[in-house]
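**Student:**
Residue numbers (UniProt numbering): 1 to 200.
#1: Spatial neighbours of residue 188 within its chain, please: CB distance less than 6 Å, with the 5 preceding and 5 following residues excluded, ordered by chain position.
#2: Kindly list the residues whose CB is nearer than 7 Å to the CB of residue 82, restricted to its own chain and excluding five residues on each side of it in sequence; keep chain order.
#3: Between residue 80 and the ligand SAM, is there a pair consisting of the residue's CB and a ligand heavy atom that are separated by less than 6 Å?
#4: Tell me residue 10's beta-bridge partners as DSSP assigns them.
#5: Out of 151, 75, 123, 167, which one is the CA nearest neighbour of residue 180?
#6: Nearest by alpha-carbon distance to residue 155: which of 10, 170, 5 is it?
#7: Mapping the DSSP letters down to three states, classify residue 89 as helix, strand or coil.
#8: Residue 25 and residue 126: beta carbons closer than 7 Å?
#9: Give the list of continuous alpha helix (DSSP H) stretches no shorter than 4 residues that lie fully inside the stretch 37-87.
#10: Which class does residue 176 belong to by DSSP, given the choice of helix, strand or coil?
#11: On the DSSP bridge list, what partners appear for residue 127?
#12: Residue 21 bridges to which residues according to DSSP?
#13: In the DSSP assignment, find the alpha helix (DSSP H) that holds residue 112 and state where it starts and stops.
#14: Using only the alpha-carbon positions, how far apart do residue 35 and residue 57 sit?
#15: How should residue 59 be labelled, buried or exposed, when 16 other C-beta atoms within 10 angstroms of its C-beta is the threshold for buried?
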């Protein structure tokens, strides 16, 4: 990532140095996951759609510990593997919107709340800004080479209410708390980097 682009990483010191952590990353470009993996202070295991595991990418992604997930069903194998990452004290990366979009955390799925409440791991919000603004000349699907991309890590927070409940209502409440925290982090990251939503 540092060879191809000019990442500016802010707040990496906020990431707990040990123990389970969940990175909640906004998702507006395919580059967002690899960028976070490349600059994060700890190895990160992302939940990645199974469609990405094609050809030589399959053994590569599997070999670096990424978690293949079937988004069309309740993928119990992926859920177990993700929980195993957290129970072993690792870092799990999740795009809480479920798919690439505006990258503004406007529509969260319940998966992030489930993993956070079930594992008790703190969530670190991560904003990737600058990946979706312009297309490169050499590779149309990527931003221009050597362009500046900001990765802003936020303060860790707990999604649960401390009761340990895992009911549907508890997960809905956790999702609401998470959305507020992630939206606030994204707004703060935009102010911090001088990027507006239209310039990303």
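Idealized CB from N, CA, C, for every residue including glycine.
**Tutor:** The short version:
#1: Start at 1 with the first residue of the chain shown, and residue 188 comes out as number 188. Here the set comprises nothing.
#2: Numbered from its first residue, the chain shown carries residue 82 at position 82. These residues qualify, in order along the chain: 47, 67, 92, 115.
#3: Among the ligands in the structure shown, none appear at all, so the ligand SAM cannot be discussed.
#4: For this step, residue 10 is matched to residue 10 along the chain shown. DSSP, once it has assigned bridges, lists 152 as partnering residue 10.
#5: Here residue 180 refers to the residue found at position 180 of the chain shown. It is 123 whose Cα lies nearest to the Cα of residue 180.
#6: On the chain shown, position 155 is the one that residue 155 refers to. The shortest C-alpha to C-alpha distance from residue 155 to any of 10, 170, 5 is the one to 10.
#7: Residue 89 sits at position 89 when you count from the first residue of the chain shown. Note: residue 89 maps to coil in three-state DSSP.
#8: Position 25 of the chain shown, counted from the start, is the residue given in the question as residue 25. Position 126 of the chain shown, counted from the start, is the residue given in the question as residue 126. Yes; because the gap between Cβ atoms is below 7 Å, this pair is in contact.
#9: You should have 57-63, 76-87.
#10: Residue 176 sits at position 176 when you count from the first residue of the chain shown. In this structure, residue 176 counts as helix in the three-state DSSP scheme.
#11: Along the chain shown, one-based indexing puts residue 127 at 127. Paired residues: 152.
#12: Locating residue 21 in the chain shown gives position 21, where the first residue counts as 1. In DSSP, residue 21 forms a bridge with 91.
#13: Looking up residue 112 in the chain shown gives position 112. Counting along the chain, the alpha helix (DSSP H) containing residue 112 begins and ends at 111-119.
#14: As a first step, residue 35 is located in the chain shown; it is residue number 35 there, counting from the start. As a first step, residue 57 is located in the chain shown; it is residue number 57 there, counting from the start. Looking at the two C-alpha atoms, the distance is approximately 16 Å.
#15: The residue labelled residue 59 in the question sits at position 59 within the chain shown. Exposed: under 16 other Cβ atoms inside 10 Å.
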